[in-house]
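Q: Quick one: this structure, given as structure tokens, is what I'll be asking you about.
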Amino acid sequence: MIEARGLIKHYGPTTAVDNLSFDVRPGTVTGFLGPNGAGKSTTMRLILGLDRPDAGVARINGKSYHDLRWPLREVGALLEVGGSKAFHPGRSARAHLGALAASNAIPRQRVNDVLEITGMGTAADRRAGKFSLGMAQRLGIAAALLGDPAVLLLDEPVNGLDPEGIRWIRGLLKNLAAHGRTVLVSSHLISEVAQTADQLIVIGQGRLLAQTTVAELSARGSLEEAFFSLTERSTEYSADCNYRSVS
Amino acid sequence: MTAATLTRAASQAEGHYGFRTVARMEWLKLRSVRSTWWTLIVLAAGMIGLAILVMAHQHWATMSAADRASFDPTSNSYAGLVIGQLAIGVLGVLTVTSEFSSGMIRATLAAVPRRPLVLAAKAAVVAAVTLVAGEILAFAAFVIGEAVLKSPAPHATLGQPGVLRAVLMAGAYPALIGLIGVGLGALIRHTAGAISAVVGVLFVLPLILVPLGTSIQNAAGQFMPMLIAENSLTAVKPVPHSLSPGLGFALLCLYAVAALAAGGWALARRDA
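Right, here's the structure in full:
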């Protein structure tokens, strides 16, 4: 269970998150949707205590992230923005996961387990800086699963994965939710989220636009049209689709 | 999908993360990157290499009476600290800044949200590793330096008053500079900026004093880390215009604590 209450975050003059409140429930995959720059990644950073909100609170199973006793055993997170990964390029996947496991007293065997689950077996002892985007993403997911957490936050998990990898992650997410976990998955593509999520949280310019379900949204007609009508006033850049010739 | 993801660990409840688990993480991180071993190799090469170079080239026969009177066979074995301090300062910086440049810091702080604990564990691990390496090398540099020093120049032995203390303090010096590096790394976050700050403190500050004249140089120089190492920590014969070994050592400890406190404050306060 994740609760956000009145979250506000400014970066200089920009308001990244603007009075955002929502709940993410266990047992289902919740899609976290919004155009680029809507504040999805910032919200996840606020939930994880990486950035400090200017106002509001985020709680995980009733506690602030800072007060968790074994954070990795309660929450798994994949936070990879652009070219910046969450691992040291000179360290092997196995050493990276081993160090993180040690911090939360997670048994050593679990490192081998998540390497196997994410299909990293043969790459485990190579320096992570040499990984393809897809392999780097698998390492991030392995780190998220390391503590066998009940709550997962995944920021754009399909980024960089090949079609087989995308199919794998969809199955993984559904499976995790089916076993009673809380799963929050961000994306800027409604079509992608609709493949796995039942619940939807839609934001734009840092504000909550809708907390709904995929079923409700598709009842309004085309899923993409419904999403665009929700977010059209809050996209970062809008382009005119109608090309007019200059005479 | 194997069963491992599906069955939640039963071992959930007891205890919480703490200094021991976090220090273990930091130790595993430190030993699993190459830069750690490179900087330790530079420390070793610098300390042993310069001990040989300097001590083998002491020409007692051609020394003036004043030079003979001030000749300190212990202190002269530690010329390599000048190089070693830079390597270990860089090591300290990198343990923090490489996390920021790679994004690893997000994984670290998600695993351990209590940030001062992360820095304390990092500092403890860097201090332990560099202290062990420093002490081993300090004894090695002493033994090798005395061995290559040609008679009739006077030789030092560990039994002479003050010599063992000088050797032990020489071995501790790199660890203290490593801690200053950790603190500055946490404060500045960028590798190039933090290394520049370390170089500034170690090498540039003493140079700035040069044009200010001898009296200011003498008065202020004794507080500079590198001059404390040369004239206070490793000196068996007292050097004019310098702190006593104990006072110099205490001052370096204070610098390290101040850098770590500033770094810890910045780490806890700023967004990661």
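Here the protein sequences come in this chain order: A and B. Here the first sequence is numbered in the numbering used here, starting from 1 and rising by one per residue. Here the second sequence is numbered in the numbering used here, starting from 248 and rising by one per residue. Note that the Cβ used here is the ideal one computed from N, Cα and C, for glycine as well.
#1: Using a Cβ-Cβ cut-off of 6 Å (strictly less than) and excluding sequence neighbours within five positions of G428 of chain B, which residues of its own chain qualify?
#2: Relative to the C-alpha of A334 of chain B, which residue among B:D319, B:G293 and B:L494 is closest?
#3: Let me know if V29 of chain A comes out buried or exposed under the rule of 16 or more other beta-carbons within 10 Å of its beta-carbon.
#4: Quick test of the definition: if touching needs 3 or more C-beta pairs under 8 Å, does the segment 347-366 of chain B touch the segment 260-274 of chain B?
#5: Taking C-beta pairs closer than 9 Å, name the residues in chain B that F87 of chain A reaches, listed in chain order.
#6: Could you say which of A:T14, A:N19, A:L173 and A:V24 lies nearest to E3 of chain A if we only look at CA atoms?
#7: Please report the straight-line C-alpha distance between L97 of chain A and P163 of chain A, rounded to a whole angstrom.
#8: Could you tell me whether any Cβ in chain A is nearer than 8 Å to the Cβ of D314 of chain B?
#9: Give the straight-line distance between the Cα atoms of L191 of chain B and V372 of chain B, rounded to the nearest whole angstrom.
#10: Do you know offhand how far L79 of chain A's Cα is from A86 of chain A's?
#11: To the nearest angstrom, how far is it from the Cα of E346 of chain B to the Cα of E156 of chain A?
#12: In this structure, does DSSP put E164 of chain A in helix, strand or coil?
#13: Can you check whether the CB of Q195 of chain A is closer than 8 Å to the CB of R170 of chain A?
#14: Chain B beta carbons: is any one of them nearer than 8 Å to that of S103 of chain A?
#15: Could you tell me the boundaries of the beta strand (DSSP E) in which N19 of chain A lies?
#16: For the alpha helix (DSSP H) containing L153 of chain A, name the first residue and the last one.
#17: Starting from the C-beta of T231 of chain A, find all residues in its chain whose C-beta is less than 6 Å away, skip the five residues before and the five after it, and write them out in chain order.
#18: Report the partner residues of R281 of chain B according to the DSSP bridge assignment.
#19: Judging by CA-CA distance, which residue of B:Y420, B:G460, B:T438 and B:V486 is the nearest neighbour of F496 of chain B?
#20: Can you name the start and end residues of the beta strand (DSSP E) that I201 of chain A belongs to?
#21: Tell me whether R64 of chain A is buried or exposed, calling it buried when 16 or more other Cβ atoms sit within 10 Å of its Cβ.
#22: Relative to the alpha-carbon of L300 of chain B, which residue among B:F386, B:P472, B:A380 and B:Y325 has its alpha-carbon at the smallest distance?
#23: Have a look at F470 of chain B and Q332 of chain B and give me their C-alpha separation to the nearest angstrom.
#24: Say whether the segment 43-60 of chain A touches the segment 121-139 of chain A, bearing in mind that this needs 3 or more beta-carbon pairs closer than 8 Å, one atom from each stretch.
#25: Determine the direct distance from the alpha carbon of T344 of chain B to that of V365 of chain B, and round the result to whole angstroms.
#26: Is it true that the CB of I295 of chain B sits closer than 8 Å to the CB of L384 of chain B?
#27: Answer yes or no: does any C-beta atom of chain B fall closer than 8 Å to that of H10 of chain A?
#28: Looking only at DSSP bridge pairs, what is I455 of chain B linked to?
#29: Return the chain-ordered list of same chain residues with a C-beta closer than 7 Å to the C-beta of A509 of chain B, the five sequence neighbours on each side being excluded.
#30: Apart from the five residues on each side of it in sequence, which residues of its chain come closer than 7 Å, Cβ to Cβ, to I190 of chain A?
#31: Pairing CB atoms from the segment 131-141 of chain A with CB atoms from the segment 55-63 of chain A, are three or more of them under 8 Å?
#32: Tell me which same chain residues have a C-beta within less than 6 Å of the C-beta of W274 of chain B, skipping the five on either side of it?
#33: In chain order, what residues of the same chain lie with their CB nearer than 8 Å to the CB of H249 of chain A, ignoring the 5 residues before and after it?
#34: Under 8 Å between the Cβ atoms of M302 of chain B and A102 of chain A?
#35: Given a limit of 8 Å on CB to CB distance, which residues of the segment 9-40 of chain A reach chain B?
#36: Are the Cβ atoms of P89 of chain A and R127 of chain A separated by less than 8 Å?
A: In short:
#1: G336, G339, V340 and V445
#2: B:G293
#3: buried
#4: yes
#5: S349, G350, M351 and A354
#6: Answer by Cα proximity: A:V24.
#7: Whole-angstrom Cα-Cα distance: 25 Å.
#8: Any Cβ of chain A closer than 8 Å to the Cβ of D314 of chain B would place that residue at the interface, and such an atom is absent.
#9: This structure leaves residue 191 of chain B out entirely; chain B is present only between 248 and 519.
#10: 7 Å
#11: 22 Å
#12: helix
#13: The beta carbons of R170 of chain A and Q195 of chain A sit closer together than 8 Å.
#14: At a cut-off of 8 Å between beta carbons, S103 of chain A contacts chain B.
#15: N19 of chain A -> beta strand (DSSP E) spans T14 to V24.
#16: No alpha helix (DSSP H) contains L153 of chain A, which is instead part of the beta strand (DSSP E) from V151 to D155.
#17: P35 and G204
#18: BP columns for R281 of chain B are empty, so no partner.
#19: B:Y420
#20: Element bounds for I201 of chain A: Q199 to G204.
#21: It is Ser, not Arg, that sits at residue 64 of chain A in the sequence shown. Counting Cβ neighbours within 10 Å, S64 of chain A comes out exposed, since fewer than 16 surround it.
#22: B:Y325
#23: Cα to Cα, the separation comes out at about 16 Å.
#24: no
#25: Each residue's alpha carbon lies about 13 Å from the other.
#26: yes
#27: no
#28: Note: I455 of chain B sits in no beta bridge, so no partner.
#29: So the qualifying residues of the chain are G430 and L434.
#30: Residues of the same chain with a CB within less than 7 Å of the CB of I190 of chain A, apart from the 5 flanking positions on each side, are L33, L223, E224 and F227 in chain order.
#31: no
#32: V372
#33: This structure does not reach residue 249 of chain A, given that chain A is present from 1 up to 247, and the question cannot be answered.
#34: no
#35: none
#36: With respect to the 8 Å criterion, P89 of chain A and R127 of chain A are classified as neighbours on the basis of their beta carbons.
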